[in-house]
């Protein structure tokens, strides 16, 4: 069942932060999985600036995306983030946001905020201009050579064609986007509050950070991923897509560790550029009145379960970092509440007392963020094409497959098995749990509008 977003006005809001922020700085990464921040437990990676956000703020450790009907998982993920709508509302065109859909930044724009953007958009130009009143170095593609990425200045007429793109040859994308954000903070801030989005294309492949960051990681000394397998144990419906062919079959520990070293190098460089943006925010005098949010559009396997990409429903691909820092946000705290990153829309509506009139599948988790309650959603469900469906409730995670003419079921207890290595689905004592979670999965997907969930003959649920 869809839940109506809160209709909240400044005078009547009862859940405001004690020290309300004036502005928003939203930092968004591309393909950065949940366990790639040093302060959140990864001792093999250097992320000093993200560590500072974690230490000074509140991190949600169970934040998820819904999945995708397309291999380009980041495209629907970003569409859902910006609209609060579920995956199936976009049909087969997640790269275009219908005019009737509200956009999160547009709500801030109507409320008098200066909405500004740099980085990867991945939806259409018309929707971009509805959302943002300004921006620079805007990338409308999905992936590209980081040292030759085509970007656009803001166009009031939404003219963002290939023929008028600008290429800063030899300059890394993360530097380009950070420079644009810093320029805005140094020269273009008005008297109005701002909603600023910096959407990096890192650490998406090609994993080509400046060499000094690759020099920080020796693949030979990195541990092999905990769920490493030479190959996935069965056909999941997407074993030979581009992402999976970045490494040969069967996978070897040596090759996977090199990919992991390059992935970490990209994240550490991204972290450095985020640090530059944060320093510019402080120099502009807005470090103390800005809500800073860091998250990502999806994760990545990088060798776990015999996979390299994000076209799967394991934790490494559907679970993402989500960190809040700023006025009224508790320092050094963790929240285990289940949330989607698309729930950010109604959450910010509530925190900033914005009126909202549209029904959303998304739900505000402001009470959990502010420490007023521990709960988020009771469960979260996941989709990949028509070949994978999954659900999590509490520590239990169920994934069902229908691919290659075969059906497979996986059941994991994430408390005991966070890396999803021990499939419990065939145990006699777990058969009732499998049935209960399958029924929950169907109900959750039906609420999201999944046509497959409405088909009583769908083999994936049998």
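In the numbering used here, the protein residues as written are 1 to 462. Don't be surprised by glycine CBs; every beta carbon is placed ideally from N, CA and C.
ask   = How about residue 117 and residue 197: are their beta carbons less than 7 Å apart?
value = Yes; because the gap between Cβ atoms is below 7 Å, this pair is in contact.
task = Verify whether the separation of the beta carbon atoms of residue 53 and residue 325 is less than 7 Å.
result = Cβ distance < 7 Å, so residue 53 and residue 325 count as in contact.
task = Can you give me the start and stop residues for the beta strand (DSSP E) that residue 114 sits inside?
result = Counting along the chain, the beta strand (DSSP E) containing residue 114 begins and ends at 114-120.
request  = Return yes when the Cβ of residue 401 is within less than 7 Å of the Cβ of residue 311, no when it is not.
outcome  = Not in contact: residue 311 and residue 401 (Cβ atoms no closer than 7 Å).
task = Indicate whether residue 143 and residue 203 have their beta-carbon atoms separated by less than 7 Å.
result = It is not a contact, given that the beta carbons lie outside the stated cut-off.
query = Taking the C-alpha atoms as reference points, what is the distance between residue 35 and residue 42?
reply = The alpha-carbon atoms of residue 35 and residue 42 are separated by roughly 6 Å.
request  = Measure the C-alpha to C-alpha separation of residue 83 and residue 457 and round it to an integer number of angstroms.
outcome  = If you take the alpha carbons of residue 83 and residue 457, they lie about 32 Å apart.
key: Same chain, Cβ closer than 7 Å to residue 151, neighbours up to 5 away in sequence not counted   = Cβ neighbours of residue 151 beyond the five flanking positions: 137, 138, 139, 165, 166 and 176.
message = Am I right that residue 195 and residue 113 are in contact with their C-beta atoms under 8 Å? What's the rounded C-beta distance?
response = Yes, they are in contact, since the Cβ atoms of residue 195 and residue 113 sit about 5 Å apart, within 8 Å.
For residue 58, the three-state DSSP class (helix, strand or coil) = Three-state DSSP puts residue 58 in a strand.
ask   = So residue 47 and residue 146 are in contact, right, with Cβ under 8 Å, and what is the actual spacing, rounded?
value = Contact doesn't hold; Cβ gap of about 19 Å is too wide.
ask   = Should residue 97 go down as buried or exposed, given a rule of 16 or more other Cβ atoms within 10 Å for buried?
value = By the beta-carbon neighbour count (other beta carbons within 10 angstroms, threshold 16), residue 97 is buried.
request  = With residue 29 as the anchor, note down where its beta strand (DSSP E) starts and where it stops.
outcome  = Run containing residue 29: 23-29, per the beta strand (DSSP E) assignment.
message = Mapping the DSSP letters down to three states, classify residue 259 as helix, strand or coil.
response = Of the three classes helix, strand and coil, the one that applies to residue 259 here is helix, per DSSP.
Beta-carbon contacts of residue 31 that lie in its chain and below 6 Å, excluding the five residues immediately before and after = Same-chain partners within the cutoff: 203, 204 and 300.
task = Give me the Cα-Cα distance between residue 345 and residue 283, rounded to the nearest whole angstrom.
result = So the alpha carbons of these two residues sit roughly 28 Å apart.
inquiry  = Output needed for residue 225: all residues of its chain with C-beta closer than 6 Å, excluding positions within five of it in sequence on either side, in chain order.
reply    = Only 303 and 304 meet the Cβ criterion.
task = Return yes when the C-beta of residue 395 is under 6 Å from any heavy atom of the ligand FMN, and no when it is not.
result = Ligands are entirely absent from the displayed structure, and the ligand FMN is therefore not among its contents.
query = Tell me the DSSP bridge mates of residue 410?
reply = Residue 410 is bridged to 399.
C-beta contact flag for residue 398 and residue 387 at 7 Å = Cβ atoms of residue 398 and residue 387: not closer than 7 Å.
task = Indicate whether residue 412 and residue 438 have their beta-carbon atoms separated by less than 7 Å.
result = No; because the gap between Cβ atoms is not below 7 Å, this pair is not in contact.
message = To test your reading of the DSSP string, which unbroken alpha helix (DSSP H) runs of 4 or more residues are found completely within the stretch 298-360?
response = Fully enclosed alpha helix (DSSP H) runs of 4 or longer: 315-318 and 344-351.
message = Out of 420, 432 and 379, which one is the CA nearest neighbour of residue 474?
response = Nothing about residue 474 can be read from this structure; the chain reaches only from 1 to 462.
key: residue 78 in three-state terms, based on DSSP   = Residue 78: helix per DSSP, three-state reduction.
inquiry  = I need the boundaries of the alpha helix (DSSP H) containing residue 123, first residue and last residue.
reply    = Residue 123 -> no alpha helix (DSSP H), and no H or E assigned at all.
ask   = Expressed to the nearest angstrom, what Euclidean distance is found between the alpha-carbon atoms of residue 440 and residue 108?
value = Computed Cα separation, rounded: 35 Å.
request  = Give the straight-line distance between the Cα atoms of residue 453 and residue 68, rounded to the nearest whole angstrom.
outcome  = One C-alpha to the other measures close to 15 Å.
key: CA-to-CA distance, residue 251 to residue 156, given in whole angstroms   = Between residue 156 and residue 251, the C-alpha separation is close to 48 Å.
query = Roughly how many whole angstroms lie between the Cα atoms of residue 244 and residue 408?
reply = Between residue 244 and residue 408, the C-alpha separation is close to 20 Å.
key: Three-state class that DSSP yields for residue 264 in the structure shown   = The answer is helix: DSSP assigns residue 264 an H, G or I state.
message = Can you tell me whether residue 87 is helix, strand or coil according to DSSP?
response = Reduced to three states, the DSSP call for residue 87 is helix.
query = Is DSSP giving residue 132 helix, strand or coil here?
reply = Three-state result, residue 132: coil.
message = What does the alpha-carbon distance come out to for the pair residue 257 and residue 418?
response = Their backbone Cα atoms lie some 20 Å apart in a straight line.
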